[in-house]
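2 protein chains.
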Amino acid sequence: MNIAILGFGTVGTGVYKIIEKAKRQTQNLHVKHILIRKNKKPDLPEMTDDIDEILNDKDLDVVVEVLGGIEPAHQYILAALKHKKHVITANKAVIARYMDEFTKIAADNGVKFYFESSVGGGIPWIQGLERALRVDDVNKIQGIFNGTSNFILDQMKKTGKSFNDVLLQAQQLGYAEADPSADIDGLDVANKLCISVDIAYDIFVKPTDELPIFGIRNITGDDIAYFNQKGLTVKLMGKSHQRGNEFDYVVEPTLYHGDTLEANTTDNYNLISLHGETIGNLKFMGQGAGQLPTANAVIQDILDIFQHKEHLKREFMSNLKYRSDLTRSNYIVRSEIDCSKMFAKFDPCVRGDYLVIHQIPIGEMHRLMRQVLKQDGTAFMASLPDRKGGAAQ
Amino acid sequence: MNIAILGFGTVGTGVYKIIEKAKRQTQNLHVKHILIRKNKKPDLPEMTDDIDEILNDKDLDVVVEVLGGIEPAHQYILAALKHKKHVITANKAVIARYMDEFTKIAADNGVKFYFESSVGGGIPWIQGLERALRVDDVNKIQGIFNGTSNFILDQMKKTGKSFNDVLLQAQQLGYAEADPSADIDGLDVANKLCISVDIAYDIFVKPTDELPIFGIRNITGDDIAYFNQKGLTVKLMGKSHQRGNEFDYVVEPTLYHGDTLEANTTDNYNLISLHGETIGNLKFMGQGAGQLPTANAVIQDILDIFQHKEHLKREFMSNLKYRSDLTRSNYIVRSEIDCSKMFAKFDPCVRGDYLVIHQIPIGEMHRLMRQVLKQDGTAFMASLPDRKGGAAQ
Chain A
1 MNIAILGFGT VGTGVYKIIE KAKRQTQNLH VKHILIRKNK KPDLPEMTDD IDEILNDKDL
61 DVVVEVLGGI EPAHQYILAA LKHKKHVITA NKAVIARYMD EFTKIAADNG VKFYFESSVG
121 GGIPWIQGLE RALRVDDVNK IQGIFNGTSN FILDQMKKTG KSFNDVLLQA QQLGYAEADP
181 SADIDGLDVA NKLCISVDIA YDIFVKPTDE LPIFGIRNIT GDDIAYFNQK GLTVKLMGKS
241 HQRGNEFDYV VEPTLYHGDT LEANTTDNYN LISLHGETIG NLKFMGQGAG QLPTANAVIQ
301 DILDIFQHKE HLKREFMSNL KYRSDLTRSN YIVRSEIDCS KMFAKFDPCV RGDYLVIHQI
361 PIGEMHRLMR QVLKQDGTAF MASLPDRKGG AAQ
Chain B
1 MNIAILGFGT VGTGVYKIIE KAKRQTQNLH VKHILIRKNK KPDLPEMTDD IDEILNDKDL
61 DVVVEVLGGI EPAHQYILAA LKHKKHVITA NKAVIARYMD EFTKIAADNG VKFYFESSVG
121 GGIPWIQGLE RALRVDDVNK IQGIFNGTSN FILDQMKKTG KSFNDVLLQA QQLGYAEADP
181 SADIDGLDVA NKLCISVDIA YDIFVKPTDE LPIFGIRNIT GDDIAYFNQK GLTVKLMGKS
241 HQRGNEFDYV VEPTLYHGDT LEANTTDNYN LISLHGETIG NLKFMGQGAG QLPTANAVIQ
301 DILDIFQHKE HLKREFMSNL KYRSDLTRSN YIVRSEIDCS KMFAKFDPCV RGDYLVIHQI
361 PIGEMHRLMR QVLKQDGTAF MASLPDRKGG AAQ
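Order-wise, the sequence lines are chains A and B.
For the first sequence, the residue numbers in the UniProt record's numbering are 1 to 393.
For the second sequence, the residue numbers in the UniProt record's numbering are 1 to 393.
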């Protein structure tokens, strides 16, 4: 099977490395083209800076898009699908935004559009979710979807250092980018959550204003110390619930008791869970990023195409409706302003420097918190475990 | 697709229930026969006590064997395969013993022999392991494979009760059988570990004398309290390592630090892990037993057959050799006899009522422990974490 890799950064190089090793079932895979940047000197005979040379190759079967970013990735994916090439991408930003378009164009052209590596890196999450859906409705998803933010929170807990010190360390280690906002403000989690929701409920949602997002930029060493003292560990989570014909989804810091798998998912690992009617709770832990785990997931998609293992069909015809107040939760808030009046309806209780708010709808909480942030840009919040074992059910 | 269910106990009933619900992709499945015990009164029109009526049905596609036990399950599976019916079984004891025979007869007759539900219940472990093997050599497997023993150890830790009190409670709740030996002596784990090893290394191993097995029958409330005080949690594990052309496998109580996923796998959950070259660590947690999770895994196998999703081929042609001293580990031993001389080569150190033994080959440890048990039938041992994070690598 002939493959073109668009982009030869970390993941692209990883895909090439694994295929070159030609172990087990990968010996029939052949990297025929590698798209590099315009005017960059080619190091390998497969390299070209001409996308049309790739698209017009009649013997090419699969295009692996690992450029990252929205454009030209979006245009290249569309063009490849229209040239009847299967497309595999690790690019969660472009999938989250254009999943419906890619799905339709792929179906129209009789080719596959697969993206296992885009959520959870090497974790077979998309595969696991799709399999669960063959038998069950999935009514809950929750995940530590972002390794960088998990590394930061874990290091803060282990070392007692400040957010900024640990962020700097993560940047020096290459775990965080120079502009870390996608990781720490929850946008990367939002993309991965939307992709998961798209599949779980067969609807198309984008990480727009409708999705409540609160990141970890404002967390302090004192916050971590206080949570620790209460036996709680904070994780940046993407979560979604489905009941009847309604669903919600949210990205927010979430506190877990010390004896949960979430609290003990350390370093830059990911942990993603689903709950289905007959399967119950199912959790997958693994390397959510990194060259070889992510490349491994790309190769798995290639092998699925090669072995004719079709993924779940998406039609986005579900009549599920988003409802921002579907789920209620308890929250803890830290702010320099007195916001007990603002949360008066939800039994606000002062706990040291914090305010605990009870059984507030998730959407309402995020709306009110945006008002708090306007007056106090340093404010922080996290959802609290309902009972033993985790966040709101 | 026409299905026969052999045995209508917990799992058989679950398979029937899920198919009757006819959700999503299961609507094409049809239970045509249910084999019940001789002379038992049939409650449903599908029921029969005549295995030949089932085997000779030309329109039957799949036989689901959920009788349990070795015979007649073994003969029925062989007969079904020879009648060119696909066979799916949840029966780990019969698979662990006859995997090679079933694999060969299925291939000879051009039908499938699948067994996802036999290891890890609802956890897609076989599927996950087979996928990992498409790209990687898997060089480590470790799992909490048995929910009953995990429930017992977890309850002992949570309540401080004795082994016997918790075992009785588990029996009353229906989590443990009247004769609990398969669960507490490690035989169930041994079956599941052997099945995993068969697939991981493409060799056929049986849970014979070669496999070192040590169960939890001798653990006391004082042991649990002592481990607790050291920040350690004990789990009954099945483990296997592969290096070069050699492998080992072992079933034994294993101590984990409190901040590992293993230590925090509570109740009757299972947690099964693999390590592969490019994928790194991958862990799956879920319901390792129970009617609907196990039945769900049976249905997944049926759907794989229906959707022509072929599982990994097994040929058992690997030249991997078992070596009992491949891996060394530290152990803690409790015995009423003084056994420091016996372990003199491995730097034995007294720690209260316990002896800590250093860097002893796993096989040697189990051999010596069998000698200890001859003099002190109450002796207990567990392997210790090598460094932070778990048992011997």
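Note that the Cβ used here is the ideal one computed from N, Cα and C, for glycine as well.
Would you kindly work out how many angstroms separate the C-alpha atoms of residue i and residue j, rounded to a whole number?
i, j, result
"I19 (chain A)", "Y201 (chain B)", "21 Å"
"K288 (chain B)", "R131 (chain A)", "Note that residue 288 (chain B) is Gly in the sequence shown here, rather than Lys. Their Cα atoms are separated by approximately 17 Å."
"V350 (chain B)", "Q359 (chain B)", "15 Å"
"A391 (chain B)", "L384 (chain B)", "Bear in mind that the predicted position of A391 (chain B) carries a pLDDT of just 42, short of 50, making it too unreliable to give a figure here."
"E65 (chain B)", "A90 (chain B)", "7 Å"
"residue 424 (chain A)", "L232 (chain B)", "Residue 424 (chain A) is absent from the model: chain A starts at 1 and stops at 393."
"D183 (chain A)", "F214 (chain A)", "12 Å"
"I3 (chain A)", "I302 (chain A)", "9 Å"
"V138 (chain A)", "K206 (chain B)", "37 Å"
"P42 (chain B)", "H33 (chain B)", "11 Å"
"S162 (chain A)", "N218 (chain A)", "11 Å"
"residue 411 (chain A)", "V298 (chain A)", "Nothing about residue 411 (chain A) can be reported from this structure: the residues present for chain A run from 1 to 393 only."
"A178 (chain B)", "F380 (chain A)", "53 Å"
"V333 (chain B)", "S181 (chain B)", "22 Å"
"G122 (chain B)", "K17 (chain A)", "34 Å"
"L193 (chain A)", "K58 (chain B)", "47 Å"
"N191 (chain B)", "Y76 (chain B)", "20 Å"
"residue 400 (chain B)", "G290 (chain A)", "The structure shown does not extend to residue 400 (chain B), since chain B is modelled only from 1 through 393, so no value can be given for it."
"Y98 (chain B)", "G120 (chain B)", "19 Å"
"D248 (chain B)", "K283 (chain B)", "20 Å"
"K38 (chain A)", "S149 (chain A)", "33 Å"
With DSSP run on the structure shown, which of helix, strand or coil describes residue i?
i, result
"F346 (chain B)", "helix"
"L133 (chain B)", "helix"
"F316 (chain B)", "coil"
"F102 (chain B)", "helix"
"E65 (chain B)", "strand"
"R243 (chain A)", "strand"
"S149 (chain B)", "helix"
"H366 (chain B)", "helix"
"I141 (chain A)", "strand"
"T378 (chain B)", "coil"
"L373 (chain B)", "helix"
"M237 (chain A)", "strand"
"N228 (chain B)", "helix"
"S329 (chain A)", "strand"
"S117 (chain B)", "helix"
"K82 (chain B)", "helix"
"R323 (chain B)", "coil"
"K112 (chain A)", "coil"
"Y76 (chain A)", "helix"
"M47 (chain B)", "strand"
#### Entry: Interface residues of the segment 283 to 294 of chain A facing chain B [CB-CB below 8 Å]
K283, F284, M285, G286, Q287, G290, L292 and P293
### Query
For the 8 Å Cβ check, are there 3 or more pairs between the segment 307 to 316 of chain A and the segment 336 to 346 of chain A?
no
### the segment 298 to 313 of chain B: positions lying closer than 8 Å to chain A by Cβ
I299, Q300, L303, Q307, H308, K309 and E310
### Message
Does the structure place the segment 273 to 283 of chain A close enough to the segment 170 to 187 of chain A that three or more beta carbon pairs sit under 8 Å?
### Response
no
### Query
Can you list, in chain order, the stretches of the beta strand (DSSP E) that have 3 or more residues and sit fully within the segment 247 to 313 of chain A?
Complete beta strand (DSSP E) runs here, min 3: 269 to 276 and 280 to 287.
### Task
Quick one: which unbroken beta strand (DSSP E) runs of 3-plus residues sit fully inside the segment 182 to 224 of chain A? Chain order, please.
Segments of the beta strand (DSSP E) lying fully in the segment 182 to 224 of chain A: there are none.
#### Entry: Contact between the segment 186 to 196 of chain B and the segment 152 to 161 of chain B (3+ Cβ pairs under 8 Å)
no
### Selection of the segment 130 to 163 of chain A by Cβ proximity to chain B, strictly under 9 Å
Going along the segment 130 to 163 of chain A in chain order, one finds R131, A132, L133, R134, V135, D136 and D137 with a Cβ nearer than 9 Å to chain B.
### Message
Under 7 Å, CB to CB, which of the residues in the segment 243 to 259 of chain A have a partner in chain B?
### Response
Those residues of the segment 243 to 259 of chain A that come within reach of chain B (Cβ to Cβ, closer than 7 Å) are D259.
### Message
Give me the subset of the segment 90 to 122 of chain B whose CB atoms are less than 7 Å from a CB atom of chain A, sorted by chain position.
### Response
G122
### Task
Take every Cβ of the segment 252 to 259 of chain B, pair it with every Cβ of the segment 228 to 242 of chain B, and state whether three or more of those distances are shorter than 8 Å.
yes
### Touching by the beta-carbon criterion (3+ pairs, under 8 Å), the segment 100 to 108 of chain A and the segment 68 to 87 of chain A
yes
### Task
Could you please tell me which residues of the segment 199 to 227 of chain A, in chain order, have their CB closer than 7 Å to any CB of chain B?
Here the close residues number zero.
### Task
Examine the Cβ distances between the segment 321 to 336 of chain B and the segment 108 to 118 of chain B and report whether three or more of them are shorter than 8 Å.
no
#### Entry: Contact the segment 142 to 151 of chain B vs the segment 261 to 271 of chain B: 3+ CB pairs below 8 Å
A contact exists between the segment 142 to 151 of chain B and the segment 261 to 271 of chain B.
### Message
If the cut-off is 9 Å on Cβ atoms, which residues from the segment 39 to 50 of chain B count as contacting chain A, listed in chain order?
### Response
none
#### Entry: the segment 165 to 180 of chain A: positions lying closer than 7 Å to chain B by Cβ
none
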